[in-house]
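Report on the following structure.
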Amino acid sequence: RKEVEQDPGPFNVPEGATVAFNCTYSNSASQSFFWYRQDCRKEPKLLMSVYSSGNEDGRFTAQLNRASQYISLLIRDSKLSDSATYLCVVKEVKGGGNKLTFGTGTQLKVEL
Amino acid sequence: DGGITQSPKYLFRKEGQNVTLSCEQNLNHDAMYWYRQDPGQGLRLIYYSQIVNDFQKGDIAEGYSVSREKKESFPLTVTSAQKNPTAFYLCASSIALGGGYNEQFFGPGTRLTVL
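As you go down the protein sequences, you meet chains A and B in turn. Residues 4 to 115, numbered by our numbering, are exactly what the first sequence covers, in order. Residues 41 to 155, numbered by our numbering, are exactly what the second sequence covers, in order.
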């Protein structure tokens, strides 16, 4: 089983749609959770951290379920500019240090 | 402007040659990292450094070497021992390596192609 697993997509949605991405992780000792966004042929950039109580940033809502080891990202009223790959990222303790483990990403295409 | 720079953006290398990728940051971050990204795969950690003159192997260190002589700089050498070096290489930095929600900031990346 992959350490961080995501549906690769692509998700093709019309502008204005609501879309949800899911992510599961295998290490129950994982400490921190993030969603990064990566545009085509560019570097990843932090979209938002994911907190236990769930958190919202404008049109974006992130949820964490530690019992099920599951993270989600909801995008409301999607825009053309939301088209990108969304990376689920988990920070875990490994070998005495902390490391980030990246999912393979879910591709979103928002269309007119 | 604070940030991370990587050079060159595109790099072509002949098989059997070593090549060094540059990474510089002016964010005053202690921790720096090197990842590679291949199509259909997540980012994989090559090496990381918590402090000057110290670095640790990541998950796929074989065929790579690094140095950390200055806080701002963390160059990566791809040696001829690396079996499949063609990839997108990303350098990142963060305030510290520790736990919590320390964001990693990424440079623009270097695309290495072995001919």
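All residues carry an ideal CB built from backbone N, CA and C; glycine is no exception. Bear in mind the structure is a predicted one, so any value in this text is a computation, not a measurement.
Note that the C-beta distance between B:N66 and B:G98 is not below 8 Å. Residue range 44-47 is occupied by the beta strand (DSSP E) that includes B:Q46.
Counted as a single uninterrupted DSSP element, the beta strand (DSSP E) harbouring B:K97 occupies residues 94-97.
What A:G106 touches in chain B, judged by beta-carbon distance under 9 Å, is G82, going in chain order.
A:S84 sits in a helix when the DSSP states are folded into three classes. Residue-level contact check: B:L130 touches chain A, since one or more beta carbons of chain A fall below 8 Å from its beta carbon. Three or more Cβ pairs closer than 8 Å define a contact, and the region 86-101 of chain B falls short of that threshold against the region 81-96 of chain A. When B:L85, B:V92, B:R76 are compared, the shortest CA-CA separation from B:T153 is found for B:R76. Secondary structure of B:I100 (DSSP, three-state): coil.
Measuring C-alpha to C-alpha distances from B:S62 to each of B:P79, B:N68, B:G82, B:R108 identifies B:R108 as the nearest.
Cβ contact annotation for B:F128 (same chain, cutoff 6 Å, sequence separation greater than five): Q77, G149, R151, in chain order.
Your pair A:V113 and A:S86 checks out as a contact, with CB atoms roughly 5 Å apart and the cut at 8 Å. Per the coordinates, the alpha-carbon of B:F145 lies some 30 Å from the alpha-carbon of B:L155.
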